[in-house]
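Have a look at the structure below, then the notes.
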Amino acid sequence: MIRWLQDNMPKIVLAPSFIAVMVFVYGFIAWTAWVSLTRSRLMPRYEFDSLIQYERLADSPRFETAMVNLAIFGTLFIVIAMALGLLLAILLDQKIRTEGAIRTIYLYPMALSMIVTGTAWKWILNPELGIEATVKGWGFANFEFNWLVDPDMAIYTVVLAAVWQSSGFVMALFLAGLRSVDEEIIKAAQVDGIPTWRVYSAIIIPSMAPIFLSAFIVLAHLAIKAFDLVIALTGGGPGYATDLPATYMYAMAFSRGDIGQAASSAMVMMLVVFTIVVPYLYSELRTKND
Amino acid sequence: MSPILEVKNLYKNYGSIEVLKDINVSIEEGDFLVLVGPSGCGKSTLLNCIAGLEPISAGDLFIGGQNMTNVSPKDRDIAMVFQSYALYPTMTVAKNITFGMKVRGIDQATQDAKLKHVSTQLQIEPLLHRKPGQLSGGQRQRVAMGRALVRDPKLFLFDEPLSNLDAKLRVEMRTEIKALHQRLGASMVYVTHDQIEAMTLATKIVVMKGGIIQQIGTPAEIYNRPANLFVADFMGSPAMNLIPAKTKANGKGMQIEITRKDADPIVLKDTRNTDLPENVIIGVRPEDIVDAALARADDTQQADCLIDIVEPAGADTFAVMQLGGKHVTARLHAETTAAAGTEQRLAFDLGKVSYFEPETGLRLN
Amino acid sequence: MTDRPYAQTRTQSPTTKLVLRFILYILLGVFALFYLMPLFVMITTSLKSLDEIRTGDLISLPREITFDAWRTAWSGACTGIQCEGVRPYFLNSLLIAIPAVLISTIIGALNGYVVAQWKFKGANIFFALLLFGCFIPFQVVLLPMAIVLGKLGISGTITGLIFVHVIYGIGFTTLFFRNYYVSIPSELTKAAMIDGAGFFRIFWSIFLPLSLPIIVVSVIWQFTQIWNDFLFGVSFSQAGTQPVTVALNNIVNSTTGVKEYNVDMAAAIIAALPTLLVYVVAGKYFIRGLTAGSVKG
Chain A
1 MIRWLQDNMP KIVLAPSFIA VMVFVYGFIA WTAWVSLTRS RLMPRYEFDS
51 LIQYERLADS PRFETAMVNL AIFGTLFIVI AMALGLLLAI LLDQKIRTEG
101 AIRTIYLYPM ALSMIVTGTA WKWILNPELG IEATVKGWGF ANFEFNWLVD
151 PDMAIYTVVL AAVWQSSGFV MALFLAGLRS VDEEIIKAAQ VDGIPTWRVY
201 SAIIIPSMAP IFLSAFIVLA HLAIKAFDLV IALTGGGPGY ATDLPATYMY
251 AMAFSRGDIG QAASSAMVMM LVVFTIVVPY LYSELRTKND
Chain B
1001 MSPILEVKNL YKNYGSIEVL KDINVSIEEG DFLVLVGPSG CGKSTLLNCI
1051 AGLEPISAGD LFIGGQNMTN VSPKDRDIAM VFQSYALYPT MTVAKNITFG
1101 MKVRGIDQAT QDAKLKHVST QLQIEPLLHR KPGQLSGGQR QRVAMGRALV
1151 RDPKLFLFDE PLSNLDAKLR VEMRTEIKAL HQRLGASMVY VTHDQIEAMT
1201 LATKIVVMKG GIIQQIGTPA EIYNRPANLF VADFMGSPAM NLIPAKTKAN
1251 GKGMQIEITR KDADPIVLKD TRNTDLPENV IIGVRPEDIV DAALARADDT
1301 QQADCLIDIV EPAGADTFAV MQLGGKHVTA RLHAETTAAA GTEQRLAFDL
1351 GKVSYFEPET GLRLN
Chain C
2001 MTDRPYAQTR TQSPTTKLVL RFILYILLGV FALFYLMPLF VMITTSLKSL
2051 DEIRTGDLIS LPREITFDAW RTAWSGACTG IQCEGVRPYF LNSLLIAIPA
2101 VLISTIIGAL NGYVVAQWKF KGANIFFALL LFGCFIPFQV VLLPMAIVLG
2151 KLGISGTITG LIFVHVIYGI GFTTLFFRNY YVSIPSELTK AAMIDGAGFF
2201 RIFWSIFLPL SLPIIVVSVI WQFTQIWNDF LFGVSFSQAG TQPVTVALNN
2251 IVNSTTGVKE YNVDMAAAII AALPTLLVYV VAGKYFIRGL TAGSVKG
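Protein chains in written order, with my numbering: chain A, 1 to 290; chain B, 1001 to 1365; chain C, 2001 to 2297.
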C-alpha cells in the first residue's frame, strides 16, 4: 500500500487539478455549448432545440453591432499596439541612459485594473470638463471632442484606452526580442558597413517572427476578453454603440435573464478564441516536445 | 560466490521503440565494468535501469545476489555519480554529502565521522561550507564522488562523470578514479563514450551499439580481437585500418592482395590464418604499420607506399596513404624521413591482424 | 517600415549624430508624457475641490490642495444605496486575493514539479489541457459556475470568489513553475532518489529552496490578476462581498446626487495602489510574469 502510494504520488498530486480542469473548464464549456442549443430563458433548460439561439444572435442588431465592434476594436487595437510597441522598443534599444526609468513609465498601465483605466480615460475624455474644456480654455472656442458620447466614435475611445494600457507590454516583449538577437550577427553586419536601419529591417525584425506571433496572440486574447474596459469607460453605450460580445453576453446573463442568448454568445466568443489560439498552442507544444 | 551485478535478458522499450535488446552482463566483486558506445547506443539507459531510475520492460536484474528488478533505487544499495554532478544547489558541500544519511535517519555522530573520513580521502575539507555554485568543475566532481563514497554501497554507478571537464583535468580525474577503485576494491559500472577512458579504467568492457551488446571482454581482448567491424572501428585511436582485400591459397599460408591506385597491389603472406574466404576486410592497427628501417626483422613484410599526408604528433608521426580505396594510417617514428608526396618503405606486421567478413562485418579469425 | 530618421550610419558627422540623438530623446519624452498624463490627471483631480474642477482645466495643478475627496472615497462615497466608501471593498479584495494567491501558487508549484520532473504517460496531455484552459474566454464558464457556486452554498460569498480564482489561476501558476522546473536537470531528482528521498522530500529539500524567484513571479501575477479582476467579482458577488474594482465602478456610475469627479479619481487611485506598489517594488518579476506566458520558456 505504502509502495503503491509512493509510486503513484505524482499522479495523486496531479489528480485534483486534473479533475478541476476537466469539470470547471471542459465540463463547463460542454454545459454552455449544450445550453446554447436549448430554449433556456430565465432558468437553464436541458431539452435540445436546434440552433434557435444562434439564429436569434444572427437576427439581433445589438449582437451584430457587438461583432462589428469586436472587429474594429480588435484590428485597430492589435495593429496600433504592435506598431507602437515595436517603435518604442526600437527607440529604447539605442543605448538610452535612462532606459530603466522610461521602461517603467511605459509599462506601468499594465499593472492597473481595466476598471481604473476606464475610469481615468472616462474623465479625461469627458466632453464638458475633460480635454475639450481644457483646449477651449486655451482659446480654441470651437474645439470639440465628444467621441465618448458620439455613437459612431465611442468605440475608438475604447481603442485609445486599451492601447494606452497594453502597448508598454508589447514594447517589453519586443525589447526582450531585440536583445535576444545574436550580437555577433549585428557586429558582422556593422563590419560589412550595413546602416542601422537596414540591420533592423533586414536582420533583427525578421528574426523576431515568433515574438510577433506571441504578441499577436496575447493582444487578440485581450481584445476578445475586453469587458471591464468597456463597462468602465462607456458602459457599452451610448445606447449599445460600444457593446462587445463580452458585454452582450454579460447583459443577457445577468440583466436580461436570457440564458440561451448568453450561452450562445459565449460560445461564439469561444470559437473566435479557438480559431486564433489552437493553432498557436499546437505549434508551441509541438516544438517544445522536439 | 554470486556475481555482484547480474543482468539477465533485459529489454527496454519506449512505446514501440526498442532501446535495449536482450542485454546479458554480469560482473564479480571488485570489477570495473565500462559501458562504451556512441551516443544513443543505450548505455546510459542501461545504467539508469541498473539504478532503478527507469523501469525495465522485460528481464531480471540482480545486485549482490538479490533480485532487484522491482526494487526502488534507494533500496538497491547503490550510489551514482552523474554527468552534471547533480549537486543540490542550495545545500553546502557538507550537506550535499550527508543528505542521504539524513534522509535515512542515520545519527549525527555517524554522519560527522563519515563526512570527515570521505572529505579527508578526497581532500575537500576546505570546501565543506561552500555551495556548489562556488566550486570549480573539478571540485564539483570530487564532491559528487564524495556523496557516492559516503554511502559505501555494493555498487558504484558512474554516468559519464568526466565529460564536463576540460581535457587536462579529465586525465587527472581518470587516474584518480582508477586509484580509488584499486584502493577500495569496490565494484563499479561506468558509462562513457570515450574509448580511451574505457580502455584505461576497465577490467571489463561492454561495447554497445543500437541497444545491442557488440562485445564483452577485457580491454586487451576488445583491442586485439574486436568481434566485428563496429568494435574494430570504434575502439582505438587512430582507428584500426579496415582495408578490403582478396585472398588466395598459397602453399602453407594465404596470400592477401590489397589493390592500389597507380601502383601494383601490395601482396602480403599470412601463414597463421589459412581458412579465409576470397573477399575479406583486413584490420591492421596503425602501430602495426611502421618504418621498414625500424621494424623488428621477423614477421614483417615490406612495401613502398606513396604517402599523402604526414601528421607529426610529438611522440609519433602519423602517415596517411591510400590502400584498397581507403585512407590508411601508419604510426611512424617521431623522426621518420617520410614526407608528403614521396614514397616510403613501410613494414606490415600481421601478428595481430584481424579479418572480417565484408557482408556481416563479423570476425573471421 | 523601419526607415527612421535616427538611423545612424558611420558616415554621419558628429553634428548630425547629435541632432538625431536629440530627436530620439524628444520622442521618448513625448511618449513618456502620453503614458504619465492619465496618472497625473487622476492625482491632480483627486486633490482639487469640485468648484475648481468645474472652472479650471484638466491638466492644471490644483490651486488649493484638499484631501476631502480622498476621505470621502475611502469612507463615505456611495456605491448604490450604501455610502461607506471603498474601505470595506478594499478589505474584501484583500480577503479574496491573499488566500487565492497562496492556494493557487502552492497547487501550481506542486503541479509544475510533477509535470517537469516526474513525467509519466499523460502528464503532457494534462499540461496541454491546462494550458488551453488559460486562454478560454471566461464568459463561457460564467453560467455553469454560478449554478455550481449555488449548489455548493457559497454563491455571493468571499469563499466562492476565492474558489473561482483558485480554479482559474492554477493554469498560469502551473505554467510558471513547470517552465522553471523544466530547466533544472532531472539528474538532481535522480540523485536524490538514490539518496533515499521521496516525492515530497525532494520537493521540500531541493526544489522549494531553489524556487524563490518563480514564487515571487507567481505571487505577483496572481495578485495582480485577482486584485484587478472585475468579471468574476461582478458576476459572483453580492452587496457586501464585492471586490474593490466592482465598488469603484459602482461609485463612478452611481447616479444619485452630484457627480464628484475628484472622489471618483481618489477612489480609482486607491483601487490601483496595491498593484502599482507591487509594480514599483518588484517590476522585474512583474515583467517576467507577463512574458512567461507568451515567450517560450
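Even glycine gets a Cβ: it sits at the ideal position worked out from N, Cα and C.
Neighbour list for residue i in chain C, Cβ cutoff strictly below 9 Å
i, result
"Arg1104/B", "Asp2195, Gly2196"
"Asp228/A", "Asn2228, Asp2229, Phe2230, Leu2231, Val2234, Thr2245, Asn2249"
"Ala1051/B", "Lys2190, Met2193, Ile2194"
Proximity of residue i and residue j at Cβ, strictly below 9 Å
i, j, result
"Ala2116/C", "Val2182/C", "yes"
"Asn2228/C", "Ile2170/C", "no"
"Met1208/B", "Gly1042/B", "yes"
"Lys1008/B", "Leu1053/B", "no"
"Ala162/A", "Leu222/A", "yes"
"Met153/A", "Ala232/A", "no"
"Leu88/A", "Tyr106/A", "yes"
"Ser1044/B", "Val1191/B", "yes"
"Ile2270/C", "Val2101/C", "no"
"Phe1348/B", "Leu1332/B", "no"
"Val277/A", "Phe2126/C", "no"
"Gly1325/B", "Pro1238/B", "no"
"Ser1136/B", "Leu1005/B", "no"
Contact with chain B by residue i, beta-carbon distance below 9 Å
i, result
"Ile2215/C", "no"
"Pro2005/C", "With a pLDDT of only 42 at Pro2005/C, under 50, the local geometry of the prediction cannot be trusted, and the value read off the model is given with reservation. Taking Cβ atoms only, chain B never reaches closer than 9 Å to Pro2005/C, which makes this a no."
"Pro2038/C", "no"
"Phe2187/C", "First, the amino acid is wrong: residue 2187/C is Glu here, not Phe. At least one chain B Cβ lies under 9 Å of Glu2187/C."
Cβ of residue i within 9 Å of any chain A Cβ
i, result
"Ile2167/C", "yes"
"Asp2057/C", "yes"
"Ala2192/C", "no"
"Phe2135/C", "yes"
"Phe2275/C", "Per the sequence shown, residue 2275/C should be read as Thr rather than Phe. It does; some Cβ of chain A falls within 9 Å."
Beta-carbon neighbours of residue i, restricted to chain B and to distances below 7 Å
i, result
"Lys2119/C", "Going along chain B, no residue has its Cβ under 7 Å from Lys2119/C, so there is no contact; the nearest lies around 11 Å."
"Pro2243/C", "Under the 7 Å cutoff, chain B gives no residues; its nearest Cβ is about 37 Å from Pro2243/C."
Outcome for residue i when other beta-carbon atoms lying within 10 angstroms are tallied against a minimum of 16
i, result
"Met43/A", "exposed"
"Ile2202/C", "buried"
"Thr1098/B", "buried"
"Met67/A", "buried"
"Ala1144/B", "buried"
"Tyr282/A", "exposed"
"Leu1373/B", "Here chain B has residues from 1001 to 1365 only, and residue 1373/B is not among them."
"Asp1270/B", "buried"
Under 8 Å from the C-beta of residue i: neighbouring residues of chain B
i, result
"Arg2201/C", "Val1103"
Chain A residues whose Cβ lies nearer than 8 Å to that of residue i
i, result
"Val2140/C", "Phe28, Ile29, Thr32, Ala266, Met267, Met269, Met270"
"Thr2173/C", "Within 8 Å Cβ-Cβ: nothing; Thr2173/C doesn't reach chain A, min ~10 Å."
"Ala2032/C", "Ile102, Ile105, Tyr106"
Per-residue contacts from residue i into chain A (C-beta, under 7 Å)
i, result
"Pro2144/C", "Phe28, Trp31, Thr32"
"Gly2283/C", "Thr104"
"Phe2126/C", "Leu14, Phe18"
Any C-beta of chain C under 9 Å from that of residue i
i, result
"Asp1159/B", "yes"
"Gly168/A", "yes"
Cβ-Cβ separation, residue j to residue i (assumed contact under 8 Å), whole Å
i, j, result
"Ala2267/C", "Ala2073/C", "4 Å"
"Leu2050/C", "Asn2262/C", "6 Å"
"Asp243/A", "Arg62/A", "6 Å"
Partners in chain C for residue i, counting only beta-carbon separations shorter than 8 Å
i, result
"Pro127/A", "In chain order: nothing, as chain C lies at least about 12 Å away."
"Met1080/B", "Lys2190, Ala2191, Ile2194"
"Trp164/A", "Phe2034, Tyr2035, Pro2038"
Under 9 Å from the C-beta of residue i: neighbouring residues of chain B
i, result
"Ile2206/C", "Tyr1088, Pro1089, Thr1090, Met1091, Phe1099"
"Pro2014/C", "Within 9 Å Cβ-Cβ: nothing; Pro2014/C doesn't reach chain B, min ~46 Å."
Neighbouring residues, chain C, relative to residue i (Cβ below 7 Å)
i, result
"Ile1265/B", "Reading off the sequence, residue 1265/B comes out as Pro, not Ile. The contacting residues do not exist; Pro1265/B stays about 54 Å from chain C at best."
"Thr134/A", "Asp2057, Leu2058, Ile2059"
"Gly130/A", "Leu2058"
Residues that residue i contacts on chain A, provided the C-beta gap is smaller than 9 Å
i, result
"Leu2248/C", "Ser113, Ile115, Val116, Thr119, Ala232"
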